[in-house]
Every structure is written in C-alpha cells, then in structure tokens.
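Everything on this sheet refers to the single structure shown next.
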Amino acid sequence: MLDSVVVFLVSLLVGGLGIYLGALVITDTDDYSRAVWTALIGAIIWGVVGFLFGWIPLLGPAIVLLAYVAVIKARYPGGWVTAALIALSAWAATVLILYGLAVVGVGGFDAIGVPGV
Numbered sequence: 098m099l100d101s102v103v104v105f106l107v108s109l110l111v112g113g114l115g116i117y118l119g120a121l122v123i124t125d126t127d128d129y130s131r132a133v134w135t136a137l138i139g140a141i142i143w144g145v146v147g148f149l150f151g152w153i154p155l156l157g158p159a160i161v162l163l164a165y166v167a168v169i170k171a172r173y174p175g176g177w178v179t180a181a182l183i184a185l186s187a188w189a190a191t192v193l194i195l196y197g198l199a200v201v202g203v204g205g206f207d208a209i210g211v212p213g214v
C-alpha cells in the first residue's frame, strides 16, 4: 500500500511539474503548488468525465479533453487558446521529464494530471 501511495505522489508531482512548466512558459505564472492542485483536479475531472462520456465514439474523447482544458482555463489566466497551449506544453514537458527519468533508470512512463502520458 505504501508503494502505491509513493508512486501516486511522485506521479502527481511530475504531472504538476509539467503543468507548472507549461503555465510558466505560456502565462508567466510561477506557482508550483497551483500546478500540482491543477494536476490533481484535472486527473479527477478526466476520470469522471471519461467514465461518463468516454464511451461515445469520437465525441467522447473530445469531451474528456475539453473538460481537462476547462480545468486549466479555470485555474490560469487567459482563454481557451491559452489553456490549450498550457495543456500541450504540459504534455510535452512531462514526456521529456519522464523520458529523462527513464534514461537514468528511475521509473517508467506515467504521470498523474497530464493526459496521454
């Protein structure tokens, strides 16, 4: 059980770091704790909306992604385009972080709060 908690927390921190870097680049927002909370809220919303609507062909995944971007829009300044750019930047940053960790032998490819990673 303790292993699961540690993996969850590390994954959440990595996901938060991705959002932090994306928000820093796009909106110049420098608040890591806000990014971690955004990652947690985004993961919860992604899971709930995915459960409710993810089964709908083509439209379901789009609704889930829109809900995730809406979380970022609600938590950071700017509009929909800004939120989408933060999400895209967060995804790219998280992939690079996880790749770097995998190269040095620390963990696999997984992060909480950033979809598709």
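Residue 104 in our numbering is what sits at position 7 of the sequence shown, and the numbering runs on without skipping anything.
A virtual CB, placed ideally from N, CA and C, is assigned to each residue, including glycine.
The model shown is predicted, which means the values in this text are computed figures rather than measured ones.
Subject >> Which of helix, strand or coil DSSP assigns to Ala171 >> reply: Here residue 171 refers to the residue found at position 74 of the sequence shown. The answer is helix: DSSP assigns Ala171 an H, G or I state.
**OP:** Give the secondary structure of Trp188 by DSSP, where H, G and I count as helix, E and B as strand, and everything else as coil.
**Re:** Here the question's residue 188 lines up with position 91 in the sequence shown. Residue state, collapsed to three classes: helix.
**OP:** Would you mind sorting Trp152 into buried or exposed? The rule is 16 or more other CB atoms within 10 Å of its CB.
**Re:** Looking up residue 152 in the sequence shown gives position 55. It is exposed - the Cβ of Trp152 has fewer than 16 other Cβ atoms within 10 Å.
**OP:** Could you check which residue in Ser101, Val122, Leu162, Thr124 has the C-alpha nearest to that of Gly210?
**Re:** Translated into positions along the sequence shown, residue 210 becomes position 113. Answer by Cα proximity: Leu162.
Original post:
Secondary structure at Trp134, three-state DSSP: helix, strand or coil?
Top reply: Residue 134 sits at position 37 when you count from the first residue of the sequence shown. In this structure, Trp134 counts as helix in the three-state DSSP scheme.
Subject >> Nearest-angstrom Cα separation, counted from Gly157 out to Gly115 >> reply: For the purposes of this step, residue 115 is taken as residue 18 along the sequence shown, with counting starting at 1. For the purposes of this step, residue 157 is taken as residue 60 along the sequence shown, with counting starting at 1. Their Cα atoms are separated by approximately 25 Å.
Original post:
When we look at the beta-carbon of Val133 and count the other beta-carbons within 10 Å, is it buried (16 or more) or exposed?
Top reply: In the sequence shown, residue 133 corresponds to position 36, counting from 1. It is buried - the Cβ of Val133 has at least 16 other Cβ atoms within 10 Å.
Original post:
Near Ala184, which residues of its chain fall below 6 Å by C-beta distance, leaving aside the five closest residues on each side in sequence?
Top reply: As a working note, residue 184 is residue 87 in the sequence shown. Cβ neighbours of Ala184 beyond the five flanking positions: Val166, Ile169.
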